[in-house]
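What follows is a short report on a single structure.
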Amino acid sequence: MGRGKFKGKPTGHRHFSTPEELLAGTSARPRTFRKEEAEVEEEEEKEESEEEAEEGSEKRKGTQGLIQIENPNLVKQKNVKAKDVDMGRTTELSRREREEIEKQKAHEQYMRLQEQGKTEQARKDLDRLALIRQQRAEAAKKREEEKAAREQKKAEARK
Numbered sequence: 006m007g008r009g010k011f012k013g014k015p016t017g018h019r020h021f022s023t024p025e026e027l028l029a030g031t032s033a034r035p036r037t038f039r040k041e042e043a044e045v046e047e048e049e050e051k052e053e054s055e056e057e058a059e060e061g062s063e064k065r066k067g068t069q070g071l072i073q074i075e076n077p078n079l080v081k082q083k084n085v086k087a088k089d090v091d092m093g094r095t096t097e098l099s100r101r102e103r104e105e106i107e108k109q110k111a112h113e114q115y116m117r118l119q120e121q122g123k124t125e126q127a128r129k130d131l132d133r134l135a136l137i138r139q140q141r142a143e144a145a146k147k148r149e150e151e152k153a154a155r156e157q158k159k160a161e162a163r164k
């Protein structure tokens, strides 16, 4: 009989066992599955009993169990429970964090001295500022004199 344009998948259709078949034991489910399931359960039970027996020893990966090495760079993870944590103790900062804090403090100190005019750069800036103010004052005085001279000429021209 034709199935239409498309073929079904080669894996076939799913077959679900009815409750009656399950009770009768005539399920279409392969018997090997039950055996595999039982083996998996046994393995899990064995692993659990082994884990209980080997609580103190660590599982080693690869060749670590064969060769004993003393690697100073190897960091063993320390599991600290919440009740054992000491909240009063401050944690030590890393070198980068310490350097960053020192850099910020030095910059703040420099900026304070800069505001007070005690740094060499601040002195140079203040000298430059004083020179600019003096030049502006001279330029304003010169403009006033020129303006007064122009007004005087206009006043003489009107007479």
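In short: position in the sequence shown from 1, add 5, done, that's my numbering.
Don't be surprised by glycine CBs; every beta carbon is placed ideally from N, CA and C.
Exercise for review: Note down the Cα distance separating R163 from Q157, rounded to an integer number of angstroms.
Suggested key: 10 Å
_Just to confirm before moving on: does the CB-CB distance between Q119 and A127 stay below 8 Å?_
yes
**Report entry** Expected contact under 8 Å - CB spacing of G122 and L131 to nearest Å
**Finding:** 6 Å
For this session: To the nearest angstrom, report how far apart I106 and I137 are at their CA atoms.
Result: 38 Å
query = In chain order, what residues of the same chain lie with their CB nearer than 8 Å to the CB of A43, ignoring the 5 residues before and after it?
reply = none
Own chain partners of E161 with C-beta closer than 8 Å, once the 5 adjacent residues on each side are dropped = none
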